[in-house]
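Protein chains in written order, with my numbering: chain A, 1 to 205; chain B, 1001 to 1136.
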């Protein structure tokens, strides 16, 4: 599947900032869309659209920090670069703790913003590749029968076929057959690869 | 290289079976900041390694509650250290004490693995809150 082109989404209530950022990004050849409020952006938000966000912290209505939390609730992975004219450390720490990619105080140099945008776009590409990888693993997991799933869980815990047979109350030969199906359906070349796949989809601690 | 180990105040009061958690404060810090950090003794055992490297000798301990990096170390390449400490200890709370208003430095510390960046002065309350959470 070919990725859509990456777009920088600028959300800022200040017309002058939106215009200057649009010009700056255009001059750097980076596609960009601008929005005057968080609500405007969220109403057309599409999780499949790659890119990054340049988000003003203080806006009337929904603030940038509130919009970040709303995106987190929606499971968005778009990297967020906050910009603010009145930043302080508690605000920056809160934004970063909620997963902001960066936090930049106005006034900033054009190049400073462009560098961060480029890094955020690279991060977005990496995030999406990782998500595609875990989605593929989950799709394969969904094709397993309940018994195959049990066998998978036990062998990836390091149990030998004999122990798995004992745990499940079936013959070792049956376990071998289930195991072969698991390897085939999961497209795993080895037990180590299977373990890596399960680690990739395990919830993070 | 390791600084003095202070007496425990307010920890393991109920019979000594409770494990004593340790707060690691790296750096001597300014007099003013040090006075604030000294009040951490009210929480539990505090040790004061005199360098970041010395602090790393303690961060792997099961008793380590959190690492506090004090302000006089800010001239050192702290981001690199944070990254290293974070790679070694994924779940260790790491607090960086900084001068007020140095937002860019605070953001950089967060990007490199700090759990929170706390301004001292003015905010002892923020430090107390963060440390209390780390002690849970």
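Here a beta-carbon is modelled for each residue, glycine too, at the ideal position from N, C-alpha and C.
Query: Among B/1104, B/1027, B/1090 and B/1066, nearest to residue 1129 of chain B - alpha-carbon criterion; Result: B/1066
Query: Residue 105 of chain A at chain E interface by Cβ criterion, 8 Å; Result: Of the protein chains in this structure, namely A and B, none is chain E.
Query: Rounded separation between residue 65 of chain A and residue 1089 of chain B - CA only; Result: 29 Å
Query: Any alpha helix (DSSP H) of 4 or more consecutive residues that is wholly inside the segment 1044-1082 of chain B; Result: 1052-1059
Query: Proximity to residue 43 of chain A [Cα-Cα], best of A/71, A/60 and A/23; Result: A/71
Query: Simplified DSSP assignment, three categories, for residue 198 of chain A; Result: helix
Query: Cross-chain neighbours of residue 1100 of chain B in chain A, by beta carbon under 9 Å; Result: 88 and 89
Query: C-alpha gap between residue 56 of chain A and residue 1094 of chain B, whole angstroms; Result: 28 Å
Query: Proximal residues of chain B, C-beta to C-beta of residue 93 of chain A below 7 Å; Result: 1106, 1110, 1116 and 1117
Query: Classification of residue 5 of chain A by the beta-carbon crowding that lies within 10 angstroms, buried from 16 upward; Result: exposed
Query: Any chain B beta carbon closer than 8 Å to residue 198 of chain A; Result: no
Query: Residue 178 of chain A burial status per 10 Å Cβ neighbour count (16 or more: buried); Result: buried
Query: Beta-bridge partners of residue 56 of chain A, as assigned by DSSP; Result: A/83
Query: 8 Å Cβ cutoff, residue 102 of chain A in contact with chain B; Result: yes
Query: Backbone secondary structure at residue 124 of chain A - three-state DSSP; Result: helix
Query: Contact list for the segment 1049-1068 of chain B against chain A, Cβ threshold 8 Å; Result: none
Query: Proximal residues of chain A, C-beta to C-beta of residue 1036 of chain B below 8 Å; Result: Within chain A, no residue comes near residue 1036 of chain B; the closest Cβ sits about 16 Å away, beyond 8 Å.
Query: For residue 70 of chain A, three-class secondary structure by DSSP; Result: helix
Query: Whole-angstrom C-beta distance between residue 83 of chain A and residue 54 of chain A, which should lie under 8 Å; Result: 6 Å
Query: Cβ of residue 1087 of chain B within 8 Å of any chain A Cβ; Result: no
Query: Interface flag, residue 1020 of chain B vs chain A, CB-CB below 8 Å; Result: no
Query: Delimiting residues of the beta strand (DSSP E) encompassing residue 1092 of chain B; Result: Counting along the chain, residue 1092 of chain B falls outside any beta strand (DSSP E), and DSSP gives it neither H nor E.
Query: Sub-8 Å separation of residue 1021 of chain B and residue 1079 of chain B beta-carbons; Result: no
Query: Sequence-distant residues of the same chain with beta carbon closer than 6 Å to residue 1177 of chain B, five excluded per side; Result: Since the first residue shown for chain B is 1001 and the last is 1136, residue 1177 of chain B is missing from the structure and cannot be characterised.
Query: Cβ neighbour criterion (16 or more within 10 Å) applied to residue 1082 of chain B; Result: buried
Query: Classification of residue 1045 of chain B by the beta-carbon crowding that lies within 10 angstroms, buried from 16 upward; Result: buried
Query: Short CB-CB distance (under 8 Å) between residue 1103 of chain B and chain A; Result: yes
Query: DSSP-derived helix/strand/coil call for residue 1124 of chain B; Result: helix
Query: Integer-rounded CB distance, given that residue 1085 of chain B should sit under 8 Å from residue 1113 of chain B; Result: 7 Å
Query: For residue 1103 of chain B: DSSP bridge partner residues; Result: For residue 1103 of chain B, which the question treats as bridged, DSSP gives no partner whatsoever.
Query: Nearest candidate by alpha-carbon position, reference residue 119 of chain A, set A/193, A/16 and A/81; Result: A/81
Query: Assigned exposure category for residue 148 of chain A - 16 Cβ within 10 Å defines buried; Result: buried
Query: Counted within 10 angstroms of its Cβ, other Cβ atoms place residue 1125 of chain B as buried (16 or more) or exposed; Result: exposed
Query: Reduced DSSP category for residue 1023 of chain B - H, G, I as helix; E, B as strand; rest coil; Result: strand
Query: Separation of residue 86 of chain A from residue 1110 of chain B, as counted between CA atoms; Result: 19 Å
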